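Peer 1:
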Amino acid sequence: MTLPHWSYVAMLVFCLVGTLPLVPAFRLRVLRQPRRLLLTVLLAGTPFLLWDLYATHAGHWWFDEEQTLPWRVAGLPLEEISFFVVIPVVAVLTLEGVRAARRGVRPGSGRRREEAR
Amino acid sequence: MSYTALAALGVVAAIVLDRWVARTRITSTSDWWSAYAIIVFFQLLTNGWLTGRGIVRYDPDTILGSEDVVLVGDGRILFAPVEDLAFGFALVLTSCVAWTWLGRHRAADSTVDSAVDRATS
Chain F
60 MTLPHWSYVA
70 MLVFCLVGTL
80 PLVPAFRLRV
90 LRQPRRLLLT
100 VLLAGTPFLL
110 WDLYATHAGH
120 WWFDEEQTLP
130 WRVAGLPLEE
140 ISFFVVIPVV
150 AVLTLEGVRA
160 ARRGVRPGSG
170 RRREEAR
Chain B
1209 MSYTALAALG
1219 VVAAIVLDRW
1229 VARTRITSTS
1239 DWWSAYAIIV
1249 FFQLLTNGWL
1259 TGRGIVRYDP
1269 DTILGSEDVV
1279 LVGDGRILFA
1289 PVEDLAFGFA
1299 LVLTSCVAWT
1309 WLGRHRAADS
1319 TVDSAVDRAT
1329 S
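Protein sequence lines, in the order shown, are assigned to chains F and B. For the first sequence, the working numbering assigns the number 60 to the initial residue and increments by one for each residue that follows. For the second sequence, the working numbering assigns the number 1209 to the initial residue and increments by one for each residue that follows.
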């Protein structure tokens, strides 16, 4: 495998690197609710994954073998399946980040409060 | 059905889900639209990466534009077919609706718990 094979993976990593720091910064309780998060991924991701399967098999779009990892499940690269896990998580983290910011939580304020105790 | 028709249907389905099925109505909140504004900015960047490099390619018969990958125009925004914006909107909205809907049930449960706590204390 060469570096270009990781092109799609790089995009997914970028999404997570950009949003996971919201959890400690705004003290989000998203990852502490694994069941709710898993159900969200299943409920929201599944219909879009089915759409993706249909569209890929109908030839609406296809994936470059040179820029994806070699593994395929039902004709989809593993990255494309991971997309329907990563994007719901990223969406929830962003929404909860906005909600926390609107409630007056400021980045890093949790750490200062803990230090004060 | 073309990608264009399916994408339009996806947007309508996500809004119907939010407003009338799950009744979360997050599309009435500025929290949702602020979050979406942030997400759509990054969607344009990441989707631009996927489509600009040709990691994902599209059949011109199913999209508004042609097979030419251009920065803007010919049915494309930052290399990506405009249909992708609709697909992304529907996926992100459905995710936030599901999360909020599941949280509402959790909140209802905790209300019951606290009522039980009060009754038993």
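Beta carbons: idealized from backbone N, C-alpha and C, even for Gly. All of these numbers come straight from a predicted model, not from anything done at the bench.
Since I believe Phe143 (chain F) is in contact with Phe107 (chain F) (beta carbons under 8 Å), could you give me their beta-carbon distance rounded to a whole number of angstroms?
Peer 2: Your numbering for residue 107 (chain F) matches position 48 in the first sequence. Your numbering for residue 143 (chain F) matches position 84 in the first sequence. Indeed they touch by this definition, with Cβ atoms about 6 Å apart.
Peer 1: When DSSP labels each residue in this structure, what does Leu87 (chain F) get in the three-state scheme?
Peer 2: As a working mapping, residue 87 (chain F) is identified with position 28 in the first sequence. Note: Leu87 (chain F) maps to coil in three-state DSSP.
Peer 1: Listed in chain order, which residues of the stretch 1214-1234 of chain B have Cβ atoms closer than 9 Å to some Cβ of chain F?
Peer 2: So the close ones are Leu1214, Gly1218, Ala1221, Ile1234.
Peer 1: For Leu137 (chain F), which of F:Tyr67, F:Val148, F:Arg91, F:Gly156 has the nearest alpha-carbon?
Peer 2: As a first step, residue 137 (chain F) is located in the first sequence; it is residue number 78 there, counting from the start. Considering only alpha carbons, the answer is F:Tyr67.
Peer 1: Relative to the alpha-carbon of Asp123 (chain F), which residue among B:Val1278, B:Gly1262, B:Phe1287 has its alpha-carbon at the smallest distance?
Peer 2: Numbered from 1 along the first sequence, position 64 holds the residue referred to as residue 123 (chain F). The residue with the shortest Cα to Cα distance from Asp123 (chain F) is B:Gly1262.
Peer 1: Who are the Cβ neighbours of Ala1294 (chain B) in its own chain at under 7 Å, not counting the five residues just before and after it?
Peer 2: By one-based count along the second sequence, residue 1294 (chain B) stands at place 86. Closer than 7 Å at Cβ, skipping near neighbours: Ala1215, Ala1216, Gly1218, Val1219.
Peer 1: Quick check: what's the CA-CA separation for Val148 (chain F) versus Val100 (chain F)?
Peer 2: Position 89 of the first sequence, counted from the start, is the residue given in the question as residue 148 (chain F). Position 41 of the first sequence, counted from the start, is the residue given in the question as residue 100 (chain F). Approximately 7 Å, taken between the alpha carbons.
Peer 1: Give the single residue among B:Asp1267, B:Trp1257, B:Leu1310, B:Gly1273 whose Cα lies nearest to the Cα of Leu1286 (chain B).
Peer 2: On the second sequence, residue 1286 (chain B) is found 78 positions in, with the first residue counted as 1. It is B:Trp1257 whose Cα lies nearest to the Cα of Leu1286 (chain B).
Peer 1: With DSSP collapsed to three states, give me the class of Ala1288 (chain B).
Peer 2: To locate residue 1288 (chain B), count along the second sequence from 1; it is residue 80. In this structure, Ala1288 (chain B) counts as strand in the three-state DSSP scheme.
Peer 1: Which of the three DSSP states, helix, strand or coil, is assigned to Arg1312 (chain B)?
Peer 2: By 1-based counting over the second sequence, the position of residue 1312 (chain B) is 104. Three-state DSSP puts Arg1312 (chain B) in a helix.
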